Amino acid sequence: MRWLLQAADQGYPQAQFDIGNLYSQGLGVVKEFSKAIEWYQKAAEQGHIDAQSIIANIYYHGKGVNQDFTKAREWFLMAGKHGTIQDQYNLGHLFHKGLGGPQDYEQAMKWYLYSATHGSYTPAQYKIGLMYRNGEGVPQNGLQAKKWFTKAATQGHSGAQYLIGILYRDGGDGVFKNPTTAMSWFVKAANRGHKLARFSIGCIYRDSQPGIPQDFYQAMEWFLKATCSDGGEGRKEEGSEEEDEEGLKGMAEAAIGRMYLEAQGVFQDNTKALEWFSKAVERGNKGALETVRVLQREIEKEVKKSKKATLKFW
Numbered sequence: 030m031r032w033l034l035q036a037a038d039q040g041y042p043q044a045q046f047d048i049g050n051l052y053s054q055g056l057g058v059v060k061e062f063s064k065a066i067e068w069y070q071k072a073a074e075q076g077h078i079d080a081q082s083i084i085a086n087i088y089y090h091g092k093g094v095n096q097d098f099t100k101a102r103e104w105f106l107m108a109g110k111h112g113t114i115q116d117q118y119n120l121g122h123l124f125h126k127g128l129g130g131p132q133d134y135e136q137a138m139k140w141y142l143y144s145a146t147h148g149s150y151t152p153a154q155y156k157i158g159l160m161y162r163n164g165e166g167v168p169q170n171g172l173q174a175k176k177w178f179t180k181a182a183t184q185g186h187s188g189a190q191y192l193i194g195i196l197y198r199d200g201g202d203g204v205f206k207n208p209t210t211a212m213s214w215f216v217k218a219a220n221r222g223h224k225l226a227r228f229s230i231g232c233i234y235r236d237s238q239p240g241i242p243q244d245f246y247q248a249m250e251w252f253l254k255a256t257c258s259d260g261g262e263g264r265k266e267e268g269s270e271e272e273d274e275e276g277l278k279g280m281a282e283a284a285i286g287r288m289y290l291e292a293q294g295v296f297q298d299n300t301k302a303l304e305w306f307s308k309a310v311e312r313g314n315k316g317a318l319e320t321v322r323v324l325q326r327e328i329e330k331e332v333k334k335s336k337k338a339t340l341k342f343w
């Protein structure tokens with residue numbers, strides 16, 4: 030440590046970086062992250078790429094400091110092309126969302142492309158697909174979106190798998206509608222815990238599509254899976270569009286309630302329908318609220334009718 034300190038005090042960036050690592054990990058010294066940051070900063074200011082990456086991520090995630098996207102953007106830019114593929118992705122994300130500075134789709138695409146092409150980083154591939162799908166800084170292009178989603182999807186990115194399913198389900202913009210192919214991609218995403226994919230499978234089985242016969246049993250199974258919090262085989266990948274988990278569960282619960290209400294593959298049961306619609310309302314599903322009120326009135330009528338029949342019998 031003494032020799033490292035001497036070298037660091039003389040301005041050697043590698044020594045400063047190594048001391049930062051010692052304090053960060055508590056190796057031979059008391060673990061002290063504030064001192065680690067101090068030494069990383071010294072090295073980063075002298076152009077040490079790994080130190081610049083660490084400082085950028087410290088500000089990006091707010092680890093040991095207040096989160097500061099402006100400083101994160103500055104340090105990621107310093108590391109630039111020499112940073113990690115995740116650094117390049119993070120920089121693209123800051124430009125994409127306008128965090129820490131102006132929104133700039135051209136710069137976002139540039140850094141996503143560095144990350145996606147130099148390291149096959151699936152979140153970056155997914156985001157490029159999104160930009161083509163949404164026409165953000167580039168002309169809207171379904172085929173380009175599909176190309177980039179496929180790169181991420183074949184490596185297991187569930188968000189990309191789901192969106193390829195959407196492209197094939199809806200068709201258009203250079204992609205031919207194919208419900209069977211859509212279903213295969215939805216199943217891949219669903220098996221990795223993607224709840225909107227699970228819900229979409231349930232809808233396809235409930236409503237039927239060319240090549241996919243109506244199957245209320247399967248619809249119910251998938252709607253029930255969409256209400257679960259088991260996470261599937263994988264976790265939500267970085268870069269995926271945020272899923273409103275409570276909202277999605279509410280949609281699935283309302284769909285189950287509708288199946289009981291309309292006797293779709295189950296016996297008609299107002300009480301069970303009310304139970305599921307009520308769960309949906311508790312999760313903020315406003316569309317289910319009126320159905321709950323109607324069912325409450327219907328059940329009250331049934332109860333009164335039953336009581337009158339009982340009294341008449343006695």
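Sequence positions in the sequence shown follow my numbering and run 30 to 343. Ideal Cβ positions, reconstructed from N, Cα and C, are used throughout, including at glycine. Computed from a prediction, not measured in an experiment: that's the story for all the values here.
The three-state secondary structure of glycine 240, taken from DSSP, is coil. For glycine 112, same chain residues with a beta-carbon under 6 Å away, outside a window of 5 residues either side, are Ser82 in chain order.
The continuous alpha helix (DSSP H) containing glutamate 282 extends over residues 274-290.
Three or more pairs of CB atoms, one per stretch, sit closer than 8 Å, so the segment 190-199 contacts the segment 160-178.
Comparing alpha carbon positions, the residue from Gly231, Gln293, Lys224 and Pro242 closest to glycine 276 is Lys224.
The C-alpha of alanine 101 is placed about 13 Å away from the C-alpha of glycine 127.
Under the three-state reduction of DSSP, glycine 194 is assigned to helix. Tyrosine 155: member of the alpha helix (DSSP H) spanning 151-163, first to last residue.
Taking 9 Å as the cut-off, the beta carbon of glycine 286 is found closer than this to the beta carbon of alanine 317. Counting only unbroken stretches of 4 or more residues, the alpha helix (DSSP H) elements lying wholly within the segment 168-225 are 171-182, 187-199 and 208-219, in sequence order.
One Cα belongs to glutamine 173, the other to valine 216, and the distance between them is close to 23 Å. Residues of the same chain with a CB within less than 6 Å of the CB of tryptophan 251, apart from the 5 flanking positions on each side, are Arg227, Ile230 and Gly231 in chain order. Secondary structure of lysine 301 (DSSP, three-state): helix.
The Cβ-Cβ distance between glutamine 70 and isoleucine 84 falls below 9 Å. Nearest neighbour of asparagine 95 by Cα position, chosen from Trp68, Ser63 and Gly55, turns out to be Ser63. The C-alpha of phenylalanine 306 is placed about 14 Å away from the C-alpha of isoleucine 328.
Between methionine 138 and glycine 121, the CB-CB gap stays under 9 Å. Scanning its chain for C-beta atoms nearer than 6 Å, with the 5 sequence neighbours on each side dropped, one finds around arginine 198 the residues Ala211, in chain order.
DSSP places arginine 312 outside both helix and strand once states are collapsed to three, so it counts as coil. In this structure, Gly158 is the residue among Gly158, Asn314, Gln45 and Gly171 with its C-alpha nearest to the C-alpha of glycine 188. In the structure shown, the three-state DSSP call for cysteine 257 is coil. In this structure, leucine 303 lies near glutamine 325, with their beta-carbon atoms less than 9 Å apart. Taking the Cα positions, threonine 300 is about 12 Å away from methionine 288.
When DSSP states are grouped into helix, strand and coil, methionine 30 belongs to the coil group.
DSSP, reduced to helix, strand and coil, places lysine 60 outside both helices and strands of the structure shown, so it counts as coil. With distances taken between CA atoms, alanine 182 lies nearest to Pro152 out of Pro152, Met160 and Pro208.
According to the DSSP assignment, glutamine 43 belongs to the alpha helix (DSSP H) that extends over 42-54. With fewer than 16 other CB atoms across the displayed protein chains lying within 10 angstroms of its CB, alanine 292 is exposed.
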